[in-house]
Amino acid sequence: MHLELRGVTKRFGSLVANRNINLNVEPGTIHCLLGENGAGKSTLMNVLFGLLHPDEGEILIDGKPVVINNSGEAVRMGIGMVHQHFMLVPVFTVAENVVLGFEPTRAGFLNHAEADASIRKASEQYGLAVDPHAVVEELSVGLQQRVEILKALNHNAELLILDEPTAVLTPQEIEGLFEIMRNLKAAGKSILFITHKLKEVKAVADMITVIRLGEVVGEATPDMTEQELASMMVGRDVNLTVTKAPKVPGEPMLSVRDLVVLDDRGLPVVNGVSLDVHAGEIVALAGVQGNGQTEFVEALTGLRPALRGTVTLNGHDITNHSPRQILNAGLGHVPEDRQADGLVLSMSVQDNLVLNTPRVAPFARRGTRNLKSVRANAEERVRDFDIRTTSVDAPTSSLSGGNQQKVIVARELSRPLSLLIAAQPTRGLDVGSIEYVHKRIVQERDENRAVLIVSSELDEVLALGDRVAVMFHGQITGIVDPSVGREIIGLLMTGSQISDDSTVTVPANATTTTSSENPSEDPS
Amino acid sequence: MELVSIITPAASDVTDVPSGNLTQAVPDTRTRVIGIIEIVLGLFIALVFGLGCGSAPKSTLSFDPVNLTGTIPWHLSPVTVPTALTNIILGAVVALVGVFILVKSPKRGVMVFFGFGAVLFFFAVLLWAARTPGPSYIGFLNLTAVLVGGASIAMVLIFGSLSGILCERSGVVNIAIEGQFIGGALLGAVIASVTGNFFYAAIGGIVLGGLLGLLLAFLALRYQSDQIIVGVVIVTMMSGLSSYLNLQVLSPYPQYNVGNQAPLVAIPGLAKIPILGPVFFNENAFFYVMILLVITVSVGLFRTRWGLRVRAVGEHPKAAEAVGISVVRTRYRNVVMGGAVAGLGGVAFISLHGQFQPGITSGYGYIALAAMIFGRWRPSGAVAASIIFGLSVYLANNLQTWNIPIGTEILQMFPYIITIAVVSGLIGRVRAPAADGIPYKRD
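Chains A and B, in that order, are what the protein sequence lines are. In this note's numbering, each residue's number is its place in the first sequence (first place is 1) plus 9. Numbering follows this note's numbering, in which position 272 of the second sequence is assigned residue number 252; successive positions increment by one, without gaps.
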C-alpha cells in the first residue's frame, strides 16, 4: 500500500500537536518515524488510525484521498496498528483475539475451525509461530506482540503501524521482531515503524522521517550516524554518553537477602532475590518489564509486603517497615510511574516538593504548616534543579513530563540519603531531561551514596550502571560488569544463566564485590 | 580492560524454590481453605444436627406430588430414618469431601464440591427440623414440596443473575436488579389484575425493566457516573415509588391488585415423573421461558459473534474499539436487555406470589447478584448458585413457620456470606470481567 500524508495538522486548543506533516510511505518498505517522546508521533498515529481527525491536510491511500472516521474504517482500508500497549483481551485465546471484529461464522455461530486455519496460514507465511488455542495472558510479551501482528494481518492489513514495538522486548526478541518485519516487507507489506531508538532505526529502516515538536524536520537515511540522527531528532548536538569517573565503592548500604514478594494475584513475582548496593556505586537492575522489578522496588520502599527475606539499609533492618520509617532511614525513591506514585498532580509544585516531609520542621510546627518556609524551599529547588514552571503555585499537572520528573528528583535529593532508588528514571522524557537526570544520578553516586537504578532501557543500564543485575521471572539471573556487552545481558534477560571459567561463584549470596575501575564505555 | 566476572546467582535459591511449585502455592491455600470449611461443616452437621438430637427421634421423608391436579400419578412410600445416624452419615460424607479436597487439592470443580456440601447441609437441616419427637409440629418432610419451593425462588434468582451477566459481561454493573424486580412485580401485578393475562404483564415488565436499564445505561455511559451509585439510586427510587403507588393506588383500588397467579403448565407425560416432574415440568410459563433464556444467553455469550464482542467490550473495551466494535452501543444494548430480563423476573416473581406488597421482593435482586458472582459470571454457574441460594432462602422462609428454634436470619445471611467468601478469594477464585464497572472514555 502506498500511504501519503499531505499537510496534516492537528490542534488541541492552542497547542499544535502536528503541524503540516508530509509523509510518504512507499509500498514494501519499512519507513521509520523517528522522534522524541512528546514530538507528536502518537497524535499522528491516532490520526492515521481514525482515532483523531486532522484539522487540515489530507490522507491518501494509493493516491486516492480518504477520510478515516474510526479505527474500524482504518482497518477496513488495510491499515493495521500494533499498539504500544497491546490491544488484546487477556482472557481470550489467540484465535479469539485475532478474529475479533472480523469473526468467521457458520449458521450464526463462531467458526473456530476457519479461524484456526487462517491463523496457521499467516503464522507459516510470515514466521509468526503461535498456538491459536493458547490463552493470551499466559503468553510472553514477545508472543503477545506476535498475536497483535497476526491480528492486523488477519484483517488484511497492507500497512502496519508499529508503535514503539521494542519497548517491552528483550534484545533477542527485538531481533526476532526485525526478522518478522523483513518477512512482511518481502511479502509486499508497508511498515510504519515509530520509535525513538536510533540503533533500531539503523537496523531496519529503509527510509526515515524525523519529527520534532510536531513538525517534520527532515528525511534521513539509515546510513547516517546515530549522532547525526540524534541531532536531527533533538535539534541540537547531544551528548549520548554519560561521563562517569571511576570510583571505588564503599561499604554495602543496601543488603537484600532472599526476598520473596507476591503480586496482586498472590503469585511470587520476586522469588528469592539477594542483592547488595554499596555506597558510591550505581547498581542498575535490568530486565524486561514485568519480571518483578516493580514489585521488588515496592517491597524495598515499604509499599508492598515481603513474604520472606530481609532488607537491610545502612545496617538497620527495614523489612516490612512502613514507607515513612523507610524514608526516615535515608531512602530516596523516584517511582516508576511518576504521575501515579510520584506526584499529586492536582497539587502545586511547592506542596509536591515537601510531600515526603510535610510534618518536619521547618515545613510544619506543632501540626501547623509553615507555608512561608514551604514556599522558600520550593523557590530554592526550582532554581537549583532548573524546574520550568510558571510559578511554585502551579499544579504539577501543568508541567511537562521532564519537569515533573525534576520535581520528584529535587524532592528526593533534598534530604540526606543513604540510598537512592530510581525506577525507570527517564521513561518518556526528552533527551535534554534525560541528560539532566543522568547527571544528577551520577552526581549522587560521586557523593558516595548508594544508587539502585531500575530500567528496562538497556542503553541506560549500560551507561549508568557500575554493576548490572539482571532480573528474569522474579530472580536475578546474573550480576555483571556492564562491559560484558548487550548480548550477554540480553541472554540473562531471557533467563539464561551464564557461568564460565572466569566466574567467581559466590555461594548463597548473589553479590560480588567486583568494582569497575574503568569508566564504563558508552555502548554506542 | 579488566577481567569480566560473571557469576551465577544465588544458586541455592534457584534450586531450593522451583518457581513451578511456588506459583501453585496460593491457589493451593484457597483449595485448602475450602477443604477445611467442608470438614468443619461436616463435623457441625454430625455434632449439632446428628448427635445433638439424641438417638430417639426419627425423620420421615415423603415424596408425594404437589401442585398436580387430578389423580395422583404416583405414590412412593415415605422413608423413615433415624435422624441422628443419618445426619452423622451426611456429616461424615461432607467431611470426607473436605479431606479429599485437602489431600488431592483438585484444580477444578472445587466450587462444585462446595455446592455439594451446602446442599447436604440444607438436607441435614431439613431432617433435623422434621424429626419426631421434636420441636416442630410437622411430622414428615415432603421432599417434592421443598424442591418445588426452592425451584420457584431459584427461577426468580436466575432471571436476576442472567440480567447481571448480560450487563456485567459488557462492563456495566447492574446493581439495580432489585429495582427492576420491584418495577416488574408492581406493574406485572397491575396488568395481570386488569387483563387477567400474564402475557401482557410480561410485556409490561420487559418494557419497564428495559427502560430502567436504559436509565442506568444513559447515566453510566453518557455521563460516566459511578454505576454502583446509579444502581442504588434506581433501587431506592423504585422502592419508594412502589410504596407510594401502593398507598395511593393499590390500597384504595384493590381491583388493580387482585393477586392472580400464573397458571401452571404441565408438560404432558414428563410432569408425571416422580419428584422431578413437579419440579421441572409442572411450572408456570415463566419457568420455561427462564430455561430458554439460560440456554440462549449461554450459547449467545460463548458461541456467537455477538457474545465474543460483548465479552471483549467487558474485558478490554479499547481493544474492541480498535477493531471497530462500538463499546457504547454494545453496552447500551446489553444493559437494556439486562434490565428487560430483570423486569421479566419481577413479573415472574409476582406470577408466583399474586398480590404485590411493598418490599415483597425482599432483596432477591441482591441475592441474584450474589448468585451471578458465585457462578463466575456464567449462566450455568449462576443457575447452580441460584439453586443453592434458592434452597437456602426457601428454608429460611419456611423453618420459621414450622416453628423450628433456629435463627432463620442465619440462613437468610447465607447467600451473602458465601458471596463475601467468594469475592474475598477465601473460597475459589472468581474474576469479574476486567472492565466491569469502569466507565469507558474514548480518548
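Built from N, CA and C at the ideal position, the CB exists for glycine as well.
(Q) For residue 345 of chain B, tell me which candidate among B:225, B:419, B:133 has the shortest Cα-Cα distance. (A) B:133
- request: Take every Cβ of the region 197 to 209 of chain B, pair it with every Cβ of the region 357 to 365 of chain B, and state whether three or more of those distances are shorter than 8 Å.
  value: no
| query | Residues of chain B with a CB under 8 Å from the CB of residue 21 of chain A: which are they? | reply | The premise fails here: residue 21 of chain A is roughly 12 Å from chain B at the closest Cβ pair, so nothing lies under 8 Å.
Margin query: Is the separation between the beta-carbon of residue 111 of chain A and that of residue 163 of chain A shorter than 8 Å?
Written below: At a Cβ-Cβ threshold of 8 Å, residue 111 of chain A and residue 163 of chain A count as neighbours.
May I ask you to report which of helix, strand or coil DSSP gives residue 318 of chain A?
Residue state, collapsed to three classes: strand.
Burial state of residue 377 of chain A, where buried means 16 or more other Cβ atoms lie within 10 Å
For residue 377 of chain A, the number of other beta carbons within 10 angstroms of its own is below 16, and it is reported as exposed.
**Q.** Residues within the region 67 to 92 of chain A neighbouring chain B, beta-carbon criterion of under 9 Å
**A.** Within the region 67 to 92 of chain A, the residues whose Cβ lies closer than 9 Å to any Cβ of chain B are, in chain order, 79, 80, 81, 82, 83, 84, 85, 90, 92.
Check whether the region 78 to 88 of chain A and the region 394 to 401 of chain B touch, using three or more Cβ-Cβ pairs below 8 Å as the test.
no
Using 8 Å as the limit for Cβ to Cβ distance, is residue 301 of chain B near chain A? True, the Cβ-Cβ gap to chain A drops below 8 Å.
Problem set entry | Host alpha helix (DSSP H) of residue 43 of chain B (start-end) | From DSSP, residue 43 of chain B is part of no alpha helix (DSSP H); its letter is neither H nor E.
| field | Own chain partners of residue 412 of chain A with C-beta closer than 7 Å, once the 5 adjacent residues on each side are dropped | value | 396, 397, 398
request  = Closer than 8 Å, Cβ to Cβ, to anything on chain B: give me those residues from the region 289 to 318 of chain A, in chain order.
outcome  = Answer in chain order: no residues at all.
_residue 158 of chain B: contacting residues in chain A (beta-carbon distance under 8 Å)_ = By Cβ distance, chain A contributes nothing, its closest Cβ being about 29 Å from residue 158 of chain B, past 8 Å.
| Whose C-alpha, out of B:332, B:166, B:111, B:194, is nearest the C-alpha of residue 318 of chain B? | B:194
Quickly, what does DSSP pair residue 172 of chain A with across the bridge? List them, please.
A:203
**Request:** Decide if the region 319 to 334 of chain B is in contact with the region 259 to 274 of chain B; the criterion is three or more beta carbon pairs, one per stretch, under 8 Å apart.
**Result:** yes
What residues in the region 293 to 317 of chain B have a beta carbon less than 8 Å from any beta carbon of chain A?
-> 295, 296, 298, 299, 300, 301, 302, 303, 304, 305
Margin query: Would you say residue 417 of chain B lies against chain A (beta-carbon separation less than 8 Å)?
Written below: no
Taking only beta-carbon positions, decide if residue 284 of chain B is within less than 8 Å of chain A. Put simply, the CB of residue 284 of chain B is near chain A, with a gap under 8 Å to one of its CB atoms.
Exercise for review: For the beta strand (DSSP E) holding residue 41 of chain A, just list the boundary residues, first then last.
Suggested key: 39 to 44
Looking only at its own chain, which residues have a Cβ that is under 8 Å from the Cβ of residue 1 of chain B, when we skip the five neighbours before and after it?
Because the pLDDT at residue 1 of chain B is just 39, under 50, the model does not fix this residue reliably, and the value given afterwards should be weighed accordingly. No residues qualify anywhere along the chain.
Item to complete: Please look up how many angstroms separate the CB atoms of residue 281 of chain B and residue 274 of chain B, rounded, as I've assumed it's under 8 Å.
Response: Not quite, the Cβ-Cβ distance comes to about 11 Å (not below 8 Å), so this is no contact.
Q: Excluding the 5 residues preceding and the 5 following residue 130 of chain B in the sequence, name in chain order all residues of the same chain whose CB lies nearer than 6 Å to its CB.
A: Take residue 130 of chain B, set aside five residues on each side of it, and the residues of its chain with a beta-carbon closer than 6 Å to its own are 370, 371, 374, in chain order.
**Item:** Where residue 288 of chain B meets chain A, residues with beta-carbon distance less than 7 Å
**Value:** The contacting residues are 105, 109, 112, 119.
Spatial neighbours of residue 244 of chain A within its chain, please: C-beta separation below 6 Å, excluding the five flanking residues on both sides.
The answer, listed in chain order, is 221.
Looking only at its own chain, which residues have a Cβ that is under 6 Å from the Cβ of residue 402 of chain A, when we skip the five neighbours before and after it? Cβ neighbours of residue 402 of chain A within its own chain (closer than 6 Å, five residues either side excluded): 357.
task = For the alpha helix (DSSP H) containing residue 382 of chain A, list its first residue and its last residue.
result = 380 to 393
**Message:** Can you tell me which residues form a DSSP beta bridge with residue 33 of chain A?
**Reply:** A:13.
Neighbouring residues, chain B, relative to residue 100 of chain A (Cβ below 7 Å)
295
| said: For residue 65 of chain B, count the other beta carbons within 10 Å of its own beta carbon; 16 or more makes it buried, fewer makes it exposed. Which is it? | reply: Exposed: under 16 other Cβ atoms inside 10 Å.
task = Grab me the residues of residue -1 of chain B's own chain with a C-beta within less than 6 Å of its C-beta, minus the 5 sequence neighbours each way, in chain order.
result = Residue confidence is low: residue -1 of chain B scores 38 on pLDDT, short of 50, so the model does not pin down where it sits. Its coordinate-derived value is still stated next. Excluding positions up to five away in sequence, the list is empty.
Check your understanding: Expressed to the nearest angstrom, what Euclidean distance is found between the alpha-carbon atoms of residue 275 of chain A and residue 328 of chain A?
Key -> Taking the straight line joining both Cα atoms gives about 19 Å.
How big is the Cα-Cα spacing for residue 337 of chain B and residue 321 of chain B?
-> Rounded to whole angstroms, residue 337 of chain B to residue 321 of chain B spans 21 Å at the Cα level.
For the beta strand (DSSP E) that contains residue 105 of chain B, what are its first and last residues? No beta strand (DSSP E) contains residue 105 of chain B, which is instead part of the alpha helix (DSSP H) from 90 to 109.
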